[in-house]
Amino acid sequence: MSEGQSSFLPCFRYRQSACSVEIKHIQPEVNGIRVERDGDKQSEFDSLLFHRWKDSMEKGCFRYTLDHVKCRTIPGEQGFVAQFNDKRTTKRRKPPRITDIRQPFNPDNFNFNKIKEGEKLFSFCPEEEDTMLQDAEKSTNLIIINDSPVDVGHVLLVPSINKCLPQVLTEESLHLALDMMLLSKHRGLRVCWNSLGALASVNHLHFHAMFLDHSLLVEKIDAVHLACSCYEVVNQSTRGFAFQLHGNTINTLARLIFKVSCYLTDRQVPHNMCMSRGDAFPLAMQEETPNKIDEPTTIRVLLWPKKPMFDFKDDPPFLNACIEPGGFLVMKDLSSRCHVT
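Here the sequence shown is numbered in my numbering, starting from 152 and rising by one per residue.
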């Protein structure tokens, strides 16, 4: 990591060789990410992120603290986790009106070029000859706080912030999100994305990165093979597509997710995405699932098509966005958290 052009904003520089495709078991932390002082259990990326995030919290850059947050694992085979976090509903920024999932970027609406300096944590800078990342190397990719956080360390990855891209996935941005997953040693990191019409609240390309100290459904959802390296989730309340790094390179995985997202976007089908460590799906030629062990074996990516939702309503106990189908429900009402089954 080196200092960027501004003395106030660090630049995390990395080479592709640092993004190890070998997924090793990381023991869950005691109280999860709240023990970030244990630097020997963190990567350089994790250390910088948590240090800068904590500094922003101490400076009052967030809309609320997390003292009120409570979690409960819901009994049952799925193991959904319900979190009471009413302030994320009541304190978060009100989204603009969205009418189309390809709605162009509007500089007059809120976007991440308008955030305060204290909300910027560091720039995210690949140093590669990889043609997919050549533009990313020339652009400014920022890691910023989510000022209405779900948990400690909740940040946003904003690819090529200076290009003012709308909230539509690009191949390059997916590559950066996968890099982020592989640069972290935290087992609970999930990198997620919402399209417009699937509860994205800002039409400026961004991913959520959440460090959640819970084993979630997204790690173990079964899927059936469709074609090539694409799988289908069928035995869940929310059906969708599944992909994995196992059997792929970062480039081929990013390209495959991008193609499916383009297909849905061209047909005005909103969708959510979640990346997580988890069990590998069987490869097309394998008859059995790889040996089930208690540690994650790959990066898996779940993509859920949704019915369009352009009007945000406060009636449901939780909004079904990018992390909820994966097993983490952010509830606005404490009684709902206590009684949900």
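Just so you know, even glycine gets a beta-carbon here, dropped at the ideal spot from N, CA and C.
Given a cut-off of 7 angstroms, decide if residue j and residue i are closer than it, judged by their beta-carbon atoms.
i      : j      : result
Ile295 : Leu325 : no
Gly478 : Phe231 : yes
Lys210 : Ser299 : no
Asn399 : Cys473 : no
Val301 : Val481 : yes
Ser366 : Phe196 : no
Pro459 : Pro421 : yes
His359 : Cys343 : yes
Gly276 : Arg164 : For clarity, residue 276 is Cys in the given sequence; the question names Gly instead. Going by C-beta atoms, Cys276 is nearer than 7 angstroms to Arg164.
Ile450 : Met332 : yes
Arg561 : Ala233 : This structure leaves residue 561 out entirely; the chain is present only between 152 and 492.
Round the Cβ separation of residue i and residue j to the nearest angstrom and send it over; I've been treating them as touching at under 8 angstroms.
i      : j      : result
Leu308 : Leu320 : The Cβ separation is near 12 angstroms, so there is no contact.
Asn494 : His305 : Not covered by the structure: residue 494. The range shown for the chain is 152 to 492.
Cys425 : Leu453 : 5 angstroms
Cys162 : Ser274 : 5 angstroms
Thr389 : Ile252 : Not really, about 18 angstroms apart at Cβ, beyond 8 angstroms.
Phe256 : His355 : 6 angstroms
Identify, in the order they occur along the chain, each residue of the same chain with its Cβ nearer than 8 angstroms to the Cβ of residue i, setting aside the five sequence neighbours on each side.
i      : result
Ser290 : Pro310, Ser311, Ile312, Asn313 and Lys314
Thr250 : Phe461
Ile408 : Leu320, Leu325, Phe394, Met424, Val452 and Leu454
Cys212 : Lys267, Gly269, Glu270, Ile296 and Asp298
Phe159 : Glu268
Ser207 : Phe213, Gly269, Glu270, Leu272 and Ile296
Please work out which residues of its chain come closer than 7 angstroms, Cβ to Cβ, to residue i, disregarding the five sequence neighbours upstream and downstream, and give them in chain order.
i      : result
Lys265 : none
Gly348 : Ile249, Ile252, Pro421, Pro459, Met460 and Phe461
Ala351 : Gln318 and Asn345
Trp194 : According to the sequence displayed, residue 194 carries Ser and not Trp. Excluding residues within five positions, the ones whose Cβ falls inside 7 angstroms are Leu334, Ser335 and Lys336.
Lys457 : Ala349, Pro421, His422 and Asn423
Val385 : Val375
Gln254 : Pro317, Leu347 and Asn354
The ligand GTP and residue i: does the residue's C-beta get closer than 6 angstroms to at least one heavy atom of that ligand?
i      : result
Gln254 : You won't find the ligand GTP in this model; it holds no ligand whatsoever.
Excluding the 5 residues flanking residue i on each side, which residues of the same chain have their C-beta closer than 6 angstroms to its C-beta?
i      : result
Leu434 : Gly398
Lys483 : Asp237 and Thr240
Glu187 : In this predicted model, Glu187 has a pLDDT of only 41, less than 50, meaning its place in the structure is not dependable; the value taken from the coordinates is given anyway. Closer than 6 angstroms at the Cβ level, and outside the excluded window around Glu187, lie Phe201.
Trp204 : Gly304
Ser278 : The sequence shown places Glu at residue 278, not Ser. Arg164 and Arg166, listed in sequence order.
Determine, using beta carbons only, whether residue i comes closer than 7 angstroms to chain C.
i      : result
Glu270 : No chain C appears in this structure, which consists of one protein chain only.
Take every Cβ of the stretch 368 to 381, pair it with every Cβ of the stretch 391 to 408, and state whether three or more of those distances are shorter than 8 angstroms.
yes
Can you find at least 3 beta carbon pairs, one from the stretch 357 to 376 and one from the stretch 399 to 414, that sit closer than 8 angstroms? no
- [ ] Entirely within the stretch 391 to 462 and at least 4 residues each: give me those alpha helix (DSSP H) ranges in chain order.
- [x] 401 to 417
Do the stretch 159 to 169 and the stretch 252 to 263 meet, that is, are 3 or more Cβ pairs less than 8 angstroms apart? no
**OP:** With a floor of 4 residues, list each alpha helix (DSSP H) that falls wholly inside the stretch 314 to 364, ordered by position along the chain.
**Re:** 322 to 334
- request: Decide yes or no for the touch test of the stretch 208 to 222 against the stretch 411 to 430: beta carbon pairs closer than 8 angstroms, at least 3 of them.
  value: no
Mind pulling the beta strand (DSSP E) runs of 3 or more residues that sit fully within the stretch 250 to 277?
-> 271 to 277
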